[in-house]
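**Q** Below: one structure in structure tokens.
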Amino acid sequence: MSVNTLSKETELRLNEFFNQATDPKSFAKAIRRVNYLLAMSLMRECETLQIDPKSVEDGFYWLNELAEILNPYLDVE
Numbered sequence: 017m018s019v020n021t022l023s024k025e026t027e028l029r030l031n032e033f034f035n036q037a038t039d040p041k042s043f044a045k046a047i048r049r050v051n052y053l054l055a056m057s058l059m060r061e062c063e064t065l066q067i068d069p070k071s072v073e074d075g076f077y078w079l080n081e082l083a084e085i086l087n088p089y090l091d092v093e
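Just so you know, the sequence shown maps onto residues 17 to 93 in my numbering.
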């Protein structure tokens, strides 16, 4: 497993991005909506979506991970 370190500037920009007006719950909801639309487009084989399926799969996974960090939903029992 490789570890990527972020520069101080990148860390500051990420903190600024996540601490803006958007609250984590609504941001996570928006991410989940985008993932839903992406999945539906792929299942319907949308002709306008001409991208590599592996990159879509990876993006879908990482967006879900980000949504879970912002607002844990799948871990709730």
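Backbone N, C-alpha and C fix where the C-beta goes; we use that ideal spot for every residue, glycine too.
Cβ atoms of F33 and L86: under 7 angstroms apart, would you say?
**A** Their beta carbons are not under 7 angstroms apart, which means L86 does not touch F33 by this criterion.
**Q** Taking buried to mean at least 16 other C-beta atoms within 10 Å of its own C-beta, is A83 buried or exposed?
**A** Result: buried.
**Q** Taking 7 angstroms as the cut-off, decide whether the C-beta atoms of N51 and L79 are in contact.
**A** In this structure, L79 lies closer than 7 angstroms to N51 by Cβ.
**Q** At which residues does the alpha helix (DSSP H) containing N35 begin and terminate?
**A** No alpha helix (DSSP H) contains N35, which DSSP labels as neither H nor E.
**Q** If L53 sits next to F76, beta carbons under 8 angstroms apart, how far is it from one beta carbon to the other, in whole angstroms?
**A** L53 to F76, Cβ: 11 angstroms. No contact.
**Q** Can you tell me which of M56, S71, E73, R48 puts its alpha carbon nearest to the alpha carbon of Y89?
**A** Of the listed residues, the one whose Cα sits closest to Y89 is R48.
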